[in-house]
Amino acid sequence: MRNPAFDELAVYPFWRLAKLLEGVPKPEGIDEIALQIGEPKIPPPDFVAEIIAENAGKWGNYPPHPGTATYRTACANWLTRRYELPKGMIDGERNVLPCAGTKEALFHMGLLAVPRDRPTGNQKPYAVLVPNPVYQVYYGAAVFSGGEPYPIAAPASNNFMPDYAGLDPGILERTALVYLCNPSNPQGASGSMDYLVKLIDLARQHDFILVFDECYSEIYRGDPPIGGLQVCAKLGGDLSNVVVLHSLSKRSSAPGLRCGFVAGDPNLIDAYRTIRSYASVAVPLPLLAAGEALWNDEAHVDINRAHYADLFDIAESILGHIPGFSSPPGGFYLWLDVGDGEAAALQLWREAAVKCMPGGYMAQNDPFTGENPAARYLRVCLVHDKPTAQEALERIASVLET
Ligand SMILES: Cc1ncc(COP(=O)(O)O)c(C=O)c1O
157 MRNPAFDELA VYPFWRLAKL LEGVPKPEGI DEIALQIGEP KIPPPDFVAE
207 IIAENAGKWG NYPPHPGTAT YRTACANWLT RRYELPKGMI DGERNVLPCA
257 GTKEALFHMG LLAVPRDRPT GNQKPYAVLV PNPVYQVYYG AAVFSGGEPY
307 PIAAPASNNF MPDYAGLDPG ILERTALVYL CNPSNPQGAS GSMDYLVKLI
357 DLARQHDFIL VFDECYSEIY RGDPPIGGLQ VCAKLGGDLS NVVVLHSLSK
407 RSSAPGLRCG FVAGDPNLID AYRTIRSYAS VAVPLPLLAA GEALWNDEAH
457 VDINRAHYAD LFDIAESILG HIPGFSSPPG GFYLWLDVGD GEAAALQLWR
507 EAAVKCMPGG YMAQNDPFTG ENPAARYLRV CLVHDKPTAQ EALERIASVL
557 ET
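Here the numbering used here is used: the first residue of the sequence shown is 157, the next is one more, and so on.
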């Protein structure tokens, strides 16, 4: 006996890729370059290790689930600075909770949002809307919370954003939870103010919980992406129905720290505090101290942002002439239309020892057309130092040119 929800899940993308490449030899004499995982390879600032060492005396303590007041205040202050929010709109005590990386918190949003019973007068379960392609954790949260996942295509024709507002009102009526990845993984697209205002209006009209996954918010070329709380501020400061998630994994190149936060609607934050007490690993105090210093520092973030911008310039110069290339405004992924992402991933491994993620592995079949909207694409993670990225991109070009 086990939970039948397992049968509703696709194989996790990284396992699926490992299976695809299993037994397929790479060329001899060249090293593998891993471009399939969005793990920043540039190190976090040195002060991270120093602060962890200074706080070593706290390894003996169980960390409290709400973290420390100073961590929560650092997060609230960062949000206020970054999004030019009115002073006091975000309060560390009422509106912020730390999380051990945002992956776990994103999953818990399903438990927070989806009721056990069915919507009134409806035979179908509550719906959870996720973008398609999707960060698989949203999909898993929908399935394990007993909701019905609805993957909504985010095509180039809609600026790579899901058209939630265009859905049948019958679906919106029974929607409990909506995820938006902004900027999006994998396409690096962000919602305009108009798009985001409509989405928050929709959440309040249909009373669903709207989760903004903003872990890529600090990696952009051009204007900074608009955040969910910024839109709330524009709408008068009401936070109802909205939570945003932020992480140090991408912004500060510290995925191993497992440190981020959830902020927004005080009622939802309160409920999330209960979930954390029952089901979450609290962030250890030495790591929280390092995290606090990272939220208080922008210099390393500016350096990281400039590094990624350089990588995209290099990518443009090497791959710009290849049909299907485009350079996204946000995030650190290339999202290449190669015609058949799976075939391209196989060929790149076999001929160039480069591992990339087939776009189709990051998407579900569309509930309306039955097709996988990302099957044509390949995701390439631009996370390395410049020489490695250049080498990888040259190898990709030599394969894709043929
Ligand atoms: C879209 C998206 N959201 C959330 C996460 C999770 O980040 P973390 O748990 O490291 O904060 C990732 C990691 O790759 C991601 O791509």
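The C-beta atom is built at its ideal place from N, Cα and C for all residues, glycine as well. Values in this document were obtained by computation on a predicted structure and should not be read as measured data.
Burial check for Gly-244: the Cβ neighbour count within 10 Å stays below 16, so the residue is exposed. In this structure, DSSP gives Asn-528 a state outside helix and strand, which the three-state scheme calls coil. When secondary structure is reduced to three states using DSSP, Phe-468 falls in the helix class. The alpha-carbon separation between Tyr-295 and Val-270 amounts to approximately 13 angstroms. Where Tyr-335 is concerned, there is no enclosing alpha helix (DSSP H), although the beta strand (DSSP E) around it starts and stops at 331-337. When the five nearest sequence neighbours on each side are left out, the beta carbons in the same chain lying within less than 6 angstroms of the beta carbon of Val-252 are those of Arg-228, Cys-231, Ala-232, Phe-417 and Ala-419, in order along the chain. If the five residues before and after Pro-242 are omitted, its C-beta is found closer than 7 angstroms to the C-beta atoms of Ala-389 and Gly-393, all from its own chain and listed in chain order. Contiguous beta strand (DSSP E) elements confined to the segment 377-465 occur at 398-403 and 416-420, taking only those with 3 or more residues. Residue range 349-362 is occupied by the alpha helix (DSSP H) that includes Asp-357. Ligand 1 never approaches Asn-528 closely enough for any of its heavy atoms to be under 7 angstroms from the residue's Cβ. Lys-259 has its CB nearer than 7 angstroms to a heavy atom of ligand 1. Note on geometry: alpha-carbon atoms of Ala-545 and Leu-191 lie some 9 angstroms from one another. Annotation: the continuous beta strand (DSSP E) that includes Phe-368 extends over 365-369.
Ser-405 counts as buried, since at least 16 other C-beta atoms from the protein chains shown sit within 10 angstroms of its C-beta. By the 16-neighbour rule on beta-carbons within 10 angstroms, Trp-171 is exposed.
Apart from the 5 residues on each side of it in sequence, Ile-207 sits with its Cβ closer than 8 angstroms to the Cβ of Pro-442, Ala-445, Ala-446 and Ala-449 in its chain, given in chain order. Remark: the C-beta of Cys-371 is in contact range of ligand 1, defined as less than 7 angstroms to any heavy atom. Per DSSP, the continuous alpha helix (DSSP H) segment holding Glu-260 begins and ends at 258-269. For the 8 angstroms CB-CB criterion, Pro-307 and Asn-278 do not form a contact. In the DSSP assignment, Tyr-294 falls outside any beta strand (DSSP E) and within the unbroken alpha helix (DSSP H) covering 292-300. Of all C-beta pairs linking the segment 313-324 to the segment 524-544, fewer than three are shorter than 8 angstroms, placing the two stretches out of contact.
Within 7 angstroms of the C-beta of Leu-444 there is not a single heavy atom belonging to ligand 1. Contact between Leu-358 and Tyr-320 holds, since their C-beta atoms are separated by about 6 angstroms, short of 8 angstroms. Residue state for Cys-512 is assigned as coil, using DSSP reduced to three classes.
Taking all protein chains shown into account, Trp-215 has fewer than 16 neighbouring C-beta atoms within 10 Å of its C-beta and is therefore exposed.
With a cutoff of 8 angstroms on beta-carbon distance, Tyr-489 and Arg-535 are scored as near each other. Here the alpha carbon of Glu-370 sits roughly 37 angstroms from the alpha carbon of Met-157. Contact between Pro-381 and Pro-440 is ruled out by a C-beta separation of about 30 angstroms, above the 8 angstroms threshold.
For Ala-161, there is no enclosing beta strand (DSSP E), as DSSP marks it with neither H nor E. Apart from sequence neighbours up to five positions away, the residues of its chain that approach Glu-195 with a beta-carbon distance below 7 angstroms are Pro-411 and Val-539, ordered along the chain. The secondary-structure analysis by DSSP pairs Glu-184 with nothing; it has no beta-bridge partner. As the crow flies, the alpha-carbon of Ile-193 is around 15 angstroms from that of Lys-259.
Per DSSP, the beta-bridge partners of Cys-537 are Tyr-489. The three-state reading of DSSP puts Ala-312 in helix, counting H, G and I together.
Secondary structure note for Pro-199: it is in no beta strand (DSSP E), with a DSSP letter that is neither H nor E. Assignment of Pro-543 by DSSP, reduced to helix, strand and coil, places it in the helix class.
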